[in-house]
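Number of protein chains: 2
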Amino acid sequence: MRHATPVRIEDVAREAGVARSTAALALKGSPRLRQETVASVRAAAGRLGYVYDRLAARLRSGRSGAIGLVVCEITNPFYAELTAGVQAALESSGLVAFLANTEESRERQQLMLERFREQRVDGVLLVPAAGTRPALLDTVARWGMPCVTVVRGFRAGAHAGTDHRAGSAMATRHLIGLGHRHIAYLGAAADSSTSRQRLAGYALAMREAGLAARHLPCLSDIGEAASIVAGLPRSGPTALVCFNDTVAFGATVGLARAGRAVGRDVAVTGFDDVRAAAQWHPALTTIRAGAAAIGDAAARLLLERIADPATPTRRVIVAPELVIRSSCGAA
Amino acid sequence: MRHATPVRIEDVAREAGVARSTAALALKGSPRLRQETVASVRAAAGRLGYVYDRLAARLRSGRSGAIGLVVCEITNPFYAELTAGVQAALESSGLVAFLANTEESRERQQLMLERFREQRVDGVLLVPAAGTRPALLDTVARWGMPCVTVVRGFRAGAHAGTDHRAGSAMATRHLIGLGHRHIAYLGAAADSSTSRQRLAGYALAMREAGLAARHLPCLSDIGEAASIVAGLPRSGPTALVCFNDTVAFGATVGLARAGRAVGRDVAVTGFDDVRAAAQWHPALTTIRAGAAAIGDAAARLLLERIADPATPTRRVIVAPELVIRSSCGAA
DNA sequence: CTGAAAGCGCTTACAG
DNA sequence: CTGAAAGCGCTTACAG
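Here it is as structure tokens:
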């Protein structure tokens, strides 16, 4: 028996000289009680060092006060910033979040969702691992677990993200506007909605301008991007629309390795605007997707669904923004 | 009432035709039961879609199956990697982790620890926010919450980290070995054990070699490091021992901005060996502290303490390693 | 506002 | 191995 505290709500009630139910109401600040009653109960709780047992309460109320956050890769700065945004939004709500890091493994994702289920989380925020089937959402819904997909989504279901297609198209049009004609897309090797939509936005903008699209598949890894770009012939693309900032960082490293100037010889754009993008040398022209803003929106959406599961599913799209810096040569 | 499932252990017992206590034992695979009994109970649980209620179990057993992980800054790649290491270590244990991101705020840290307490976590992994007083550990101990400090620690208490002083000294000696005499330390503006120890290691190595130490305080921020370094006179230090990789990245950006060559004009070393260090241009000479390894060790230590709180406190130190790449000009 | 009572879903002895 | 019973710390009606 290692219960941290032996003080129960009944002890507080006795100390304050009220009924147990009154003490319970006072502790959660019910407006049905007199001010003094609430104050005296709270004072008693303080004297006794009472600690609310949220899990015992859950057994009766059905609310655990915890949610699950499932991300595909916590070491990707974008998702780390997203996680920080979720945490910040949760702070005022009194909820607390479990974290799961799937590393893009669907097995791990399934396992962690089941553990969260056993922990009776009130809901879950899900950045689906690559290749996740939409049916997963049905499973989770059948479990009675409110769920909001984040960044990567499906056709249906509550979702918070950005318009990947529009963002990618913006970056591409910006390069076209700077006079580039030979523009390649670098990235999008993974099987995710994000990959498909960002690539589609690039393709759309190229088609609009009557230009030929070219896709250089590349994982979200600085090293891989660097070698691909370092191997590009001088007669190759004069501009690269990159899947995300990580790939763009790799592209600049690859260009440096090949002795070519970023921006002047080859223009590069990223996507995400992670913190390092502004501090990179050269500073990265990119699409700001607002990781923290998406995390914040996702948390709010989930709280809304937890409060009223019957509410119609909403989709919140944080508008992408073009941030012009030096890597595109426009400065 | 939104309990996800109405199936209780009693229903499983009835379905399997055994007593409730037998069903409970079977579900956790007690060796006191016959193989067939266990199998038939599990089959019944499967048919009924039974989901173990870990929180209800906690009420009686005292174990919630959850721990808390409090980090000072999740958007710092080092701590993101550490978090991934903790997650990986937890995967096989069946435990799940709450995450708190303090952003170096002691108030936030206190708040989150209290929330974790209400959630009755079995223990907590703590990367103390800057300026945290050692007395916090006593408070947490009084709460009956097993705690392991991670990376940043105090004199007492279970701890998993690295030898910051030795690591910093290694980097400094390496630069001295390359012939540098005018070596400055960049970073360590924060009030943390990590800051003090890394700075001390540099000072130690300089003293050993009879060289004058020079400290350029700088926050762990690429932008700030870049401006400080860009403003250094040509007659200034020929080598910079940086607090961590982030500061080192900033130093290389600052040198590039000033038109000076990293490695040739000014040597730079980092600390942490985050993933980007190897992929940076030029690749960073740094001290590998093994974020994932520390996270793994910390999780194991905590599990040990949870299993037996009476066990004497252990301190696990992951040995730092010098990783020589190009930024020190040694390649 | 109060007080007694039931119940959330488990685990834990304990007598068979 | 089984079965009945008590209890973990709350919330939830409900009658006063």
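Keeping their order, the protein sequence lines are chains A and B.
Mapping the first sequence onto the working numbering, position 295 (from 1) lands on 299, and the numbers just tick up by one.
Mapping the second sequence onto the working numbering, position 263 (from 1) lands on 267, and the numbers just tick up by one.
Note that the Cβ used here is the ideal one computed from N, Cα and C, for glycine as well.
Nearest CB-CB separation between Asp195(B) and chain A: not below the 8 Å threshold.
Exposed is the label assigned to Arg38(B), since fewer than 16 other Cβ atoms lie within 10 Å of its Cβ. The beta-bridge partner set that DSSP reports for Glu325(B) consists of Arg292(B). Excluding residues up to 5 positions away in sequence, Ala93 lie with their Cβ nearer than 7 Å to the Cβ of Arg304(A) in the same chain. Partner residues in the beta bridge of Gly165(A), as assigned by DSSP, are Ile321(A). Judged by pairs of C-beta atoms under 8 Å, the stretch 240-251 of chain B touches the stretch 207-224 of chain B, as three or more such pairs exist. From the beta-carbon of Phe120(A), the residues of chain B found nearer than 8 Å are Val100. Neighbours of Asn248(B) in chain A, taken as residues whose beta carbon is under 8 Å from its own, are absent, since the nearest beta carbon is some 14 Å off. Ala207(B) sits away from Ala194(B), with the two beta carbons spaced by 8 Å or more. Just measuring C-alpha positions, the residue of Ser97(A), Leu86(A) and Gln113(A) sitting nearest Gln91(B) is Gln113(A). For Tyr56(B), at least one C-beta of chain A is nearer than 8 Å to its own C-beta.
With respect to chain B, the C-beta atom of Val257(A) has a partner C-beta closer than 8 Å. For Val74(A), the uninterrupted beta strand (DSSP E) run begins and ends at Ala70 to Val75, by DSSP. Exclusion of the five residues before and after Ala173(A) leaves Gly205, Leu208 and Ala209 as the residues of its chain whose Cβ lies within less than 6 Å of its Cβ. Taking the Cβ atoms as the reference, Val74(B) lies roughly 12 Å from Leu141(B), outside the contact range of under 8 Å. Interface residue (Cβ-Cβ distance to chain B less than 8 Å): Ala260(A) is classified as such. Secondary structure at Gly148(A): coil, using DSSP grouped into helix, strand and coil. Ala48(A) is positioned such that its CB atom lies closer than 8 Å to that of Glu19(A). A contact is defined here as three or more CB-CB pairs under 8 Å, and the stretch 171-189 of chain B meets this definition with respect to the stretch 323-332 of chain B. Close CB contacts of Gln201(A) within its chain, under the 7 Å cut and outside five residues either way in sequence, are with His168 and Arg169 (chain order). Under the Cβ criterion of 8 Å, Ala84(A) is counted among the residues facing chain B.
Fewer than three beta-carbon pairs drawn from the stretch 290-297 of chain B and the stretch 256-269 of chain B are found closer than 8 Å, and the two stretches are therefore not classed as touching. For Pro81(B), the closest Cβ of chain A is nearer than 8 Å. Contact check for Leu306(A) against Leu129(A) passes: the beta carbons are separated by less than 8 Å. With contacts defined by Cβ atoms closer than 8 Å, Glu308(A) and Thr315(A) form a contacting pair. Cys76(B) is not a Cβ neighbour of Ala28(B), given a cutoff of 8 Å. Comparing alpha-carbon positions, the option among Arg119(B), Ala43(B) and Leu103(B) lying closest to Gly98(A) turns out to be Arg119(B). The C-alpha of Ile226(A) lies about 55 Å from the C-alpha of Thr26(B). Collapsing the DSSP output to three states places His184(B) in coil. Within chain A, Gln283 have C-beta atoms less than 7 Å from the C-beta of Gly227(B), given in sequence order. With 16 or more other Cβ atoms inside 10 Å of its own Cβ, Asp276(B) counts as buried.
For Thr26(A), the uninterrupted alpha helix (DSSP H) run begins and ends at Arg24 to Leu31, by DSSP.
Thr273(B) is a Cβ neighbour of Ala252(B), given a cutoff of 8 Å. Here Asp269(B) carries a coil assignment [DSSP, helix/strand/coil]. Scanning chain B for C-beta atoms nearer than 8 Å to the C-beta of Arg24(A) yields nothing, as the closest lies near 17 Å away.
Within chain A, the residues Ala84, Thr87 and Ala88 have their CB atoms less than 7 Å from the CB of Ile78(B), given in chain order.
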